[in-house]
Amino acid sequence: MENLNNQLVTAIKETFVALFETALDDPQIQLQKTRKEFEGDITLVVFPFLRITKKSPEQSGEAIGEYLKNNIDLVVDYNVVKGFLNLVINSSYWSDFLKSIVTMSAFGYAQLNSKERVMVEYSSPNTNKPLHLGHLRNNFLGNSVARILKANGYEVVKVQIINDRGIHICKSMVAWQKFGNAETPTSTGLKGDKLVGNYYVRFDQEYKKEIAALIAAGKTEEEAKKEAPIIVEAQEMLRQWEAGKPEIVELWKTMNSWVYKGFESTYTTMGVDFDKLYYESDTYLIGKEKVLAYIDTESLYKKDDGSIWINLEGDKLDNKILLRSDGTSVYITQDIGTAIIREEEFHCKNYYYVVGNEQDYHFNVLALILQKMGFDWAKGIEHLSYGMVDLPSGKMKSREGTVVDADDLMLEMKNTAQEISEELGKLEGMEDEEKQDLFWQIGLGALKYFILKVDPKKRMLFDPKESVDFNGNTGPFIQYTHARIKSILRKSNYIEGSLDFKNAPLDVEDISVIKQLYDFPETLNESAIQKSPALLANYIYELVKVFNHFYQNTTPIVKEENEDIKNLRLMICAKTAEAISNGMSLLGIQVPEKM
RNA sequence: GGGCGCGUAGCUCAGCUGGAUAGAGCACCUCCCUUCUAAGGAGGCGGUCAAAGGUUCGAAUCCUUUCGCGCUCACCA
Numbered sequence: 003m004e005n006l007n008n009q010l011v012t013a014i015k016e017t018f019v020a021l022f023e024t025a026l027d028d029p030q031i032q033l034q035k036t037r038k039e040f041e042g043d044i045t046l047v048v049f050p051f052l053r054i055t056k057k058s059p060e061q062s063g064e065a066i067g068e069y070l071k072n073n074i075d076l077v078v079d080y081n082v083v084k085g086f087l088n089l090v091i092n093s094s095y096w097s098d099f100l101k102s103i104v105t106m107s108a109f110g111y112a113q114l115n116s117k118e119r120v121m122v123e124y125s126s127p128n129t130n131k132p133l134h135l136g137h138l139r140n141n142f143l144g145n146s147v148a149r150i151l152k153a154n155g156y157e158v159v160k161v162q163i164i165n166d167r168g169i170h171i172c173k174s175m176v177a178w179q180k181f182g183n184a185e186t187p188t189s190t191g192l193k194g195d196k197l198v199g200n201y202y203v204r205f206d207q208e209y210k211k212e213i214a215a216l217i218a219a220g221k222t223e224e225e226a227k228k229e230a231p232i233i234v235e236a237q238e239m240l241r242q243w244e245a246g247k248p249e250i251v252e253l254w255k256t257m258n259s260w261v262y263k264g265f266e267s268t269y270t271t272m273g274v275d276f277d278k279l280y281y282e283s284d285t286y287l288i289g290k291e292k293v294l295a296y297i298d299t300e301s302l303y304k305k306d307d308g309s310i311w312i313n314l315e316g317d318k319l320d321n322k323i324l325l326r327s328d329g330t331s332v333y334i335t336q337d338i339g340t341a342i343i344r345e346e347e348f349h350c351k352n353y354y355y356v357v358g359n360e361q362d363y364h365f366n367v368l369a370l371i372l373q374k375m376g377f378d379w380a381k382g383i384e385h386l387s388y389g390m391v392d393l394p395s396g397k398m399k400s401r402e403g404t405v406v407d408a409d410d411l412m413l414e415m416k417n418t419a420q421e422i423s424e425e426l427g428k429l430e431g432m433e434d435e436e437k438q439d440l441f442w443q444i445g446l447g448a449l450k451y452f453i454l455k456v457d458p459k460k461r462m463l464f465d466p467k468e469s470v471d472f473n474g475n476t477g478p479f480i481q482y483t484h485a486r487i488k489s490i491l492r493k494s495n496y497i498e499g500s501l502d503f504k505n506a507p508l509d510v511e512d513i514s515v516i517k518q519l520y521d522f523p524e525t526l527n528e529s530a531i532q533k534s535p536a537l538l539a540n541y542i543y544e545l546v547k548v549f550n551h552f553y554q555n556t557t558p559i560v561k562e563e564n565e566d567i568k569n570l571r572l573m574i575c576a577k578t579a580e581a582i583s584n585g586m587s588l589l590g591i592q593v594p595e596k597m
């Protein structure tokens, strides 16, 4: 079906040729949705044409409107307010649109894998502690962006890199060796990531004690931090790990395997997954090789102490170290290696890194270095930078244990959903298992929607009290509307795509919902361009509000006696439910049949 | 200090390439369940869009400056 705006643009060009003998360029024609308080569907801004029309804004609007009304079927009426020409679109356009999507099961979606291959990296945790609220934003965003890209026709590869080596994991290992009494997840009944995380916290406590003791004994703070026995021990362990000392490697493997098992369960609850995992322990040496291989590039240089640097001053950045004087890799070197491996393996058009905005500088540098090394594909690297999640009490600090644990939070949301549901008591006759499933859907839906509805770039505040409110602009509100629609469809024995509504007249309520549905494809496309699930989330909210108004202000469909009108409305209901369900699933949120 | 980002109602957030009287939700105050699920709907209260200049027929949106907040600039990851 021909796009409405395109049709109007063509018609307006024709108008200007006929009335003013002028050929317009597309950008001059500004169309926007008519605001609710005025009559009409689409508004043409006439100010830019005053030089051509040589008339007042009102007269110009009148002239254009009159021509359109008389000569273009699409436009049935118009009105002019100041310099705005409001056009009323023929309602047959809307019913034709509705008919055109009836048989599509996912209108707005592009053909699967019709576009290039792209990679989305997200999550990328450290293996020394459990996932927390910050990771939830990362995972929800990454997973949703991947789904949105896929729906837009891209072939998407979801990956994460697991930071499984380094001083942080050695800290947990040392603490476990010293204070662990051979505890295991089985012996304690704790999730593996929680157990290991506890020892990370324990390490920090001991470390702080030792520092305090050393300072009391006359050392400076700086000395104390370097000399505390427990940190020395952790560093020594890292050296032994790199040297491949069997019992250390064994311990490392064991503790990491605990963590992976814990992560797996958290990911399952979150509803996210990956096509390929990269482990830093596999890739960290490759970065070094790659850097050494490109040592002759003009901007790479070696200092007297043997460390290797890159000069980025020409790009208004600093000099950046790539290899330490002892020849070991730093963070960015590993990322260089990983990026190259990925390109060799997948040849993607774009590499999206979902990583917090505190690493903006790092990713600028990474892309730049790779380009300087001569990799053209590095231009496709894009950092999907998102803001931090704050708590009302301030910032989260994992070492001090002031974090909101991901598992705890998700469970709490599910429990809240359960309490509210049971209080409302609408779930008669539902099996217990089905109920539990529903509580998870609602609880997680609330959490995901709460996080995804805000612009990823912005820092956001997570207020637990507000997140537990299931009224208003929330996931459950949307899920509820879906359930209500499904109930209507059940009661009227609606069979998908099987109804025809002939020439039932559309009233304003019908049109307002259809118009919102009409915007779905464009919103889906725009959210892919901007990599913003928030756009989609806010669209769905708008759709749901419009539908609820329709629901409240039309006679109950189940009791509607005019078959054509009934069928029309059922169609609107079915398509709205579908758009809600598809849209929410792109946010990684399930939508129930009943609630 | 350099770089990047942010600042919209009491609170949390929308506001697309500049366009009409700046919108929602929460909170607070009214209504509406003998019409399909009230986790809903209708209405009220609440804003010098951080500030000042500039560009424009027209600025929350673009430019400049200032103020405030955050992040970042490690031989940490």
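In this text, residue positions in the first sequence follow my numbering: the first is 3, and each later residue adds one. Note that CB positions come from ideal geometry on N, CA and C, so glycine has one too.
Backbone CA spacing between residue i and residue j [nearest angstrom]
i	j	result
Tyr-80	Asn-92	11 Å
Ala-380	Glu-123	15 Å
Glu-223	Leu-449	42 Å
Thr-105	Asp-98	13 Å
Gly-182	Ser-267	23 Å
Lys-459	Tyr-201	33 Å
Leu-192	Ala-408	15 Å
Lys-15	Leu-52	15 Å
Asn-165	Val-158	22 Å
Asn-584	Leu-454	15 Å
Tyr-303	Ile-312	6 Å
Asp-307	Ser-327	6 Å
Arg-204	Ala-177	7 Å
Cys-350	Ala-148	14 Å
Val-405	Pro-132	10 Å
Nearest neighbour of residue i, chosen from the options [CA to CA]
i	options	result
Ser-518	His-551, Leu-46, Leu-70	Note on identity: in this sequence residue 518 is Gln, with Ser being the wrong assignment. The shortest Cα separation from Gln-518 among His-551, Leu-46, Leu-70 belongs to His-551.
Arg-167	Ser-126, Asn-154, Ser-587, Tyr-541	Ser-126
Pro-59	Asn-88, Asn-72, Asp-75, Val-104	Asn-88
Phe-265	Ser-514, Lys-488, His-134	His-134
Gly-42	Pro-50, Ile-31, Val-83, Val-19	Val-83
Cys-172	Leu-216, Asn-258, Asn-141, Ala-214	Asn-258
Thr-598	Thr-556, Leu-589, Val-198, Leu-526	Any answer about residue 598 is impossible in this case: the structure gives the chain only from 3 up to 597.
Leu-411	Gly-447, Lys-428, Leu-429	Gly-447
Glu-544	Phe-522, Gln-438, Ser-309	Phe-522
Asp-392	Leu-325, Gly-358, Glu-414, Ile-217	Gly-358
Leu-287	Pro-507, Val-548, Ala-506, Thr-340	Thr-340
Ala-485	Lys-318, Glu-468, Phe-549, Gly-155	Phe-549
Lys-568	Ser-469, Leu-508, Trp-254	Leu-508
Run of the beta strand (DSSP E) containing residue i, from where it starts to where it stops
i	result
Glu-384	383-388
Thr-186	Run containing Thr-186: none; DSSP gives neither H nor E here.
Asn-81	77-83
Trp-311	310-313
Tyr-262	Here Tyr-262 belongs to no beta strand (DSSP E); instead the alpha helix (DSSP H) covers 248-272.
The alpha helix (DSSP H) enclosing residue i, as first and last residue numbers
i	result
Val-19	6-22
Phe-86	Not the alpha helix (DSSP H): Phe-86 falls in the beta strand (DSSP E), residues 86-91.
Lys-228	223-229
Ile-323	From DSSP, Ile-323 is part of no alpha helix (DSSP H) but of the beta strand (DSSP E) over 321-325.
Glu-433	Here Glu-433 belongs to no alpha helix (DSSP H), and DSSP marks it neither H nor E.
Gly-67	59-73
Asn-475	From DSSP, Asn-475 is part of no alpha helix (DSSP H); its letter is neither H nor E.
Gln-179	169-181
Glu-595	Run containing Glu-595: none; DSSP gives neither H nor E here.
Residues that residue i bridges to, as DSSP identifies them
i	result
Val-120	Val-158, Asn-352
Lys-35	Ile-44
Ser-453	Strictly speaking, residue 453 in this sequence is Ile, with Ser absent from that position. None; Ile-453 has no bridge partner.
Lys-304	Ile-310
Ser-534	DSSP lists no partner for Ser-534.
Leu-279	Gln-162
Gly-358	Tyr-388
Leu-463	Asp-392
Ser-331	Leu-325
Asp-407	His-134
Asn-128	Asn-165
Distance cut-off 8 Å: residue i Cβ against heavy atoms of the ligand SAH
i	result
Arg-37	The model on display carries no ligand, and the ligand SAH is accordingly not part of it.
Task: Meets three-Cβ-pair contact criterion under 8 Å: the stretch 206-216 and the stretch 259-279 - done: The stretch 206-216 is not in contact with the stretch 259-279.
TODO: Examine the Cβ distances between the stretch 553-564 and the stretch 482-494 and report whether three or more of them are shorter than 8 Å.
DONE: In short, these stretches touch, since the Cβ pair count reaches three.
Open item on the list: Using 8 Å as the cut-off, can you tell me whether the stretch 461-472 makes contact with the stretch 494-509, which would need three or more C-beta pairs spanning the two stretches below that distance?
Closed with: Between the stretch 461-472 and the stretch 494-509 there are fewer than three inter-stretch CB-CB distances shorter than 8 Å, so the stretches are not counted as touching.
- [ ] Specify whether the stretch 108-119 and the stretch 61-78 touch according to this definition: at least 3 beta carbon pairs, one from each stretch, less than 8 Å apart.
- [x] Too few Cβ pairs lie closer than 8 Å, so no.
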